[in-house]
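Residue numbers (the working numbering): 492 to 740.
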């Protein structure tokens, strides 16, 4: 398992020439607001950090134009910030079967189908997704994604532009999520992830490539993302996307 991307509900200013977008670029993240996907109901733009990325979403009408209904409802209800943490896997069916046997609620693998031009045309994405339920007190899901093949994965690399690796920022190393996690939430996480470390008020999930996710019990819901910079002379920089503080170290 590896980090793949963070799905973030954002106000429209994060997809326009704004001070917020300028701060993202000043931190060393070459973000192009004109690139991305969408329909008449939603718009997605990506901040690429090596092979991982931040997916910024705005909803343009009530039905969301084919976007995930639960996320559309949350957006229309005022939610802004991280709504889903997507994990890349190479055995999604095995994971789903194991968790269902353990009594964990997880959706069966399915493909995303985006419809265009009044549903006259559609495009089915070459990957499968499964999702855990939302946490009890936090508007956040964890999802799993499996690409159809390594060839398709490699083919997507040409679309990962502009990419922060040009500025020596090579990827996301840590996601730190603070919020009102319950005992049941932590029990579920220990079942889902096979490599975990328990600390006071924290559960640390260890992934491949030395990546980790820290879940911490706290009053308020906030997220920190740590990005790796391969330039030893680089001075630490930060920027913020809704409730996510991005640290580049």
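Just so it is clear, CB atoms sit at the ideal spot from N, CA and C, and this is done for glycine as well. The structure presented is a predicted model; accordingly, all values stated were derived computationally and were not measured.
Query raised in the report: What distance in whole Å lies between the Cβ atoms of residue 714 and residue 573, which are believed to be in contact at a cut-off of 8 Å?
Result: Contact annotation, residue 573 with residue 714: C-beta distance approximately 5 Å; criterion of less than 8 Å satisfied.
Requested in this report: Could you please give the first and the last residue of the uninterrupted beta strand (DSSP E) stretch that includes residue 639?
Outcome: Where residue 639 is concerned, there is no enclosing beta strand (DSSP E), given that its DSSP letter is neither H nor E.
Requested in this report: Thinking residue 597 and residue 621 are a contact (beta carbons under 8 Å), I'd like their distance in whole angstroms, please.
Outcome: Between residue 621 and residue 597 the Cβ distance is about 6 Å, and since that is below 8 Å, they are a contact.
Report task. Specify the secondary structure class of residue 585 as computed by DSSP and reduced to three states. Result -> Here residue 585 sits in helix by DSSP.
Query raised in the report: How big is the Cα-Cα spacing for residue 499 and residue 545?
Result: One alpha carbon belongs to residue 499, the other to residue 545, and they sit about 7 Å apart.
Query raised in the report: In three-state DSSP terms, what is residue 539?
Result: Three-state DSSP puts residue 539 in a strand.
Query raised in the report: Is the stretch 569 to 589 touching the stretch 495 to 511 in the sense that three or more CB pairs, one from each, lie closer than 8 Å?
Result: Result yes; three or more Cβ-Cβ pairs closer than 8 Å.
Query raised in the report: In the DSSP assignment, what residue or residues form a beta bridge with residue 500?
Result: 548 and 572.
**Report entry** Spatially closest choice to residue 670 from 687, 494, 656 and 626, by CA coordinates
**Finding:** Closest by alpha carbon: 626.
Query raised in the report: Hey, out of 732, 734, 716 and 731, whose CA is closest to residue 740's CA?
Result: Nearest to residue 740 by alpha-carbon distance, out of 732, 734, 716 and 731, is 716.
**Report entry** With 16 other Cβ atoms within 10 Å as the buried cut-off, status of residue 647
**Finding:** In this structure residue 647 is exposed. Its beta-carbon is surrounded by fewer than 16 other beta-carbon atoms within 10 angstroms.
Requested in this report: With distances taken Cα to Cα, identify the nearest neighbour of residue 732 among 512, 529, 496 and 507.
Outcome: The closest CA to that of residue 732, considering only 512, 529, 496 and 507, is found on 512.
Query raised in the report: How would you call residue 564, buried or exposed, if buried means at least 16 neighbouring beta carbons within 10 angstroms?
Result: Label assigned to residue 564: exposed.
Query raised in the report: Taking only runs of the beta strand (DSSP E) that begin and end inside the stretch 657 to 718, which ones reach a length of at least 3 residues, in chain order?
Result: Qualifying beta strand (DSSP E) stretches, in chain order: 660 to 670, 687 to 690, 693 to 697 and 703 to 708.
**Report entry** Residue range of the beta strand (DSSP E) that includes residue 516
**Finding:** Under the DSSP assignment, residue 516 falls outside any beta strand (DSSP E), being part of the alpha helix (DSSP H) whose first and last residues are 510 to 517.
Requested in this report: Out of 549, 593 and 680, point me to the one whose CA is closest to residue 672's CA.
Outcome: Residue 672 has its Cα closest to that of 680, out of 549, 593 and 680.
Requested in this report: For the beta strand (DSSP E) holding residue 732, just list the boundary residues, first then last.
Outcome: Taken as a continuous stretch (DSSP letters only), the beta strand (DSSP E) holding residue 732 covers 728 to 732.
Query - Secondary structure of residue 494, DSSP reduced to three states - result: If DSSP states are grouped into helix, strand and coil, residue 494 belongs with the strands.
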